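*Asks:*
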Amino acid sequence: MVTALQTCWDIGESSFLTLIESSARSRFHTTAASVKVGNNAEPMPCDELLPSADRVMTWRVSIDALPSRIWPWLCQMMRGGGMYGMESLESPAQHSSPRLLHDIPAPREGDALGELLHVALVKPGSVIVWKSSGPLSLMNHKINELTLAYRLTAEQSGRSVLQARLRCRFALTTQQVSRYLCQLIGLMLPASQLKRIKQLAVAHDNGIHESAVGSQHETYQALAFQPARNGDAPERNVPTE
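Just add 1421 to the spot in the sequence shown (first one is 1) and you have my numbering.
1. Can you tell me which of the three DSSP states residue 1505 falls into?
2. By the three-class DSSP mapping on this structure, what secondary structure does residue 1596 have?
3. Could you pull the DSSP bridge partners for residue 1551 from this structure?
4. Reducing DSSP to helix, strand and coil, say where residue 1423 ends up.
5. If I measure Cβ to Cβ from residue 1557 and keep anything under 8 Å in the same chain, skipping five residues before and after, which residues do I get?
6. According to the Cβ coordinates, are residue 1586 and residue 1471 closer than 7 Å?
7. Alpha helix (DSSP H) containing residue 1430: first to last residue?
8. Considering only C-alpha positions, which residue in the set 1541, 1523, 1545, 1575 is nearest to residue 1554?
9. Anyone know if the C-beta pair for residue 1616 and residue 1484 falls short of 7 Å?
10. For a quick check, are the C-beta atoms of residue 1573 and residue 1488 less than 7 Å apart?
11. Report the rounded CA-to-CA distance for residue 1662 versus residue 1479, giving the unit in angstroms.
12. Where does residue 1496 fall in DSSP's three states?
13. Going by Cα to Cα distance, which pick from 1571, 1491, 1560, 1559 is closest to residue 1552?
14. Does DSSP put residue 1618 in a helix, a strand or coil?
15. Starting from residue 1589, trace the beta strand (DSSP E) in both directions and tell me its first and last residue.
16. Quick check: residue 1500 and residue 1603, are their CB atoms within less than 7 Å of each other?
17. Do residue 1509 and residue 1440 have their C-beta atoms closer together than 7 Å?
18. With a threshold of 16 other CB atoms inside 10 Å of the CB of residue 1593, please say whether the residue is buried or exposed.
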């Protein structure tokens, strides 16, 4: 079974394609001035999960907040709080939460985003890696495998660096097409996610947004978050001081 990436959002296929193609023309190089292209040669935790990737793209952003203040946002991203991807794909009825949701459990391997992605690796406080749960499709092109890795590291003076890496293995596409598709996925998800997580983490630290206790997770993302079922109940996703 091949799952379309557009199922991440509550949007029809024609509208999805129109928004993606329009955004791609104007935003490939202007997604966010603060989100930089990273070093693909630098090792990342997801690399060994998909060593035969056709395409690799890396992004990084510097954030004026401690890793412990950013980590809760990564914990709820795609896990009930919303996709935090390209904003034009969201709607007033279904959009990523601007607040921390304290009733979302801490991430663990096996957590799933519908039948699309699952958490393949967690290093609490620093790393979350998502992997495709089966073949995916984008604009009628098949993606055999995909990984998305997010890593937090501390900098001096209370700052942090958040990195994201996308690795893809495509089915029967040309080099030009695979490059374009990888750029599209990057625009839809990791590049936009880094920009939004930075904005939210800084705003939350400055008291602009207050945390929310309790939530209706289905209002924030089209695909259901499915916690891993094995083992004991995990600790709750709460920010640390």
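The C-beta atom is built at its ideal place from N, Cα and C for all residues, glycine as well. Predicted model, so just to flag it, every value in this text is computed and none were measured.
*Replies:* To lay it out plainly:
1. Reduced to three states, the DSSP call for residue 1505 is coil.
2. helix
3. 1540, 1569
4. coil
5. 1423, 1424, 1425, 1426, 1537, 1563, 1564, 1567
6. no
7. That residue, residue 1430, is in no alpha helix (DSSP H); it is neither H nor E in DSSP.
8. The shortest C-alpha separation from residue 1554 is found at 1541.
9. Cβ atoms of residue 1616 and residue 1484: not closer than 7 Å.
10. yes
11. Bear in mind that a pLDDT of 40 at residue 1662, under 50, signals an unreliable position, so the number given afterwards is only what the model happens to contain. Going by the C-alpha atoms only, they are around 29 Å apart.
12. DSSP places residue 1496 in helix when its eight states are reduced to three.
13. 1571
14. Note: residue 1618 maps to helix in three-state DSSP.
15. For residue 1589, the enclosing beta strand (DSSP E) covers residues 1581-1591.
16. In this structure, residue 1603 does not lie closer than 7 Å to residue 1500 by Cβ.
17. Contact: yes.
18. Counting Cβ neighbours within 10 Å, residue 1593 comes out exposed, since fewer than 16 surround it.
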